[in-house]
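K.L.:
Numbering (the working numbering), first residue to last: 559 to 777.
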């Protein structure tokens, strides 16, 4: 494998020159995971950050009562586990593959050594962290300001794939936990969206029938 161009899809590397991308590529290892496999668990010792090339990953935390709470979905072109670069020895959350996934892996020590020689990569890291901070702030605003129907619609739009399929691997209870709602509230609003012919169930999946209609509900 000699194609390093995929690195450009990651914000952290988007401003690097070809020669720098080639250098980074040489530091990477690659690993594939099957659907349902765990990449790491909260509390696991770690020494690497991960770049999702193909597939889909969910980041979760487990509450004291044992319930899974989904924190974020990772799509191709996103990085996770980078907290390990900044003095943390253990991963703070669980990561599970929702699809067969292909990842590139960069060791902390290799990143640090490269950073000392090429400090300009720090700008890419700052942009990556700013992007994640923006996501977190948007999520907080959504939870605080939107009504339950708008929260659900926003989640459906964010989680949907190119073929407009959402919630393939998420139960209504998990969606409720993710949005800070009750399962009954989620069920009632999903039923209303179906009655409005905006979504439909296909097996365990939710298919978005009218994306523009859903987006209009948020205006």
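Beta carbons: idealized from backbone N, C-alpha and C, even for Gly. Given the structure is predicted, the values throughout are model-derived calculations rather than measurements.
#1: Measure from the alpha carbon of residue 584 to the alpha carbon of each residue in 693, 636, 563, 685, then state which is nearest.
#2: Can you look up residue 708 in the DSSP assignment and give me helix, strand or coil?
#3: Please report the straight-line C-alpha distance between residue 698 and residue 733, rounded to a whole angstrom.
#4: Please list the terminal residues of the continuous beta strand (DSSP E) segment that includes residue 616.
#5: Counting pairs of Cβ atoms below 8 Å between the region 567-577 and the region 672-689, do you hit three or more?
#6: Whose C-alpha, out of 665, 661, 607, 663, is nearest the C-alpha of residue 641?
#7: Return the bridge partner residues of residue 587 from the DSSP annotation.
#8: Quick test of the definition: if touching needs 3 or more C-beta pairs under 8 Å, does the region 648-666 touch the region 603-622?
#9: For the alpha helix (DSSP H) containing residue 657, name the first residue and the last one.
P.N.:
So, from the listed chains and residues:
#1: Position 26 of the chain shown holds residue 584. When each option's Cα is compared against that of residue 584, the closest is 563.
#2: Locating residue 708 in the chain shown gives position 150, where the first residue counts as 1. Looking at residue 708 - three-state DSSP - the assignment turns out to be helix.
#3: For the purposes of this step, residue 698 is taken as residue 140 along the chain shown, with counting starting at 1. For the purposes of this step, residue 733 is taken as residue 175 along the chain shown, with counting starting at 1. Approximately 16 Å between the Cα atoms of the pair.
#4: Within the chain shown, residue 616 is the residue found at index 58, counting from 1. 615-620 is the extent of the beta strand (DSSP E) around residue 616.
#5: yes
#6: Along the chain shown, read from residue 1 onward, the residue named residue 641 stands at position 83. Closest option to residue 641, Cα to Cα, is 607.
#7: Translated into the one-based positions of the chain shown, residue 587 becomes position 29. BP columns for residue 587 point to 663.
#8: yes
#9: Sequence index remark: in the chain shown, residue 657 carries index 99 (1-based). For residue 657, there is no enclosing alpha helix (DSSP H), as DSSP gives it neither H nor E.
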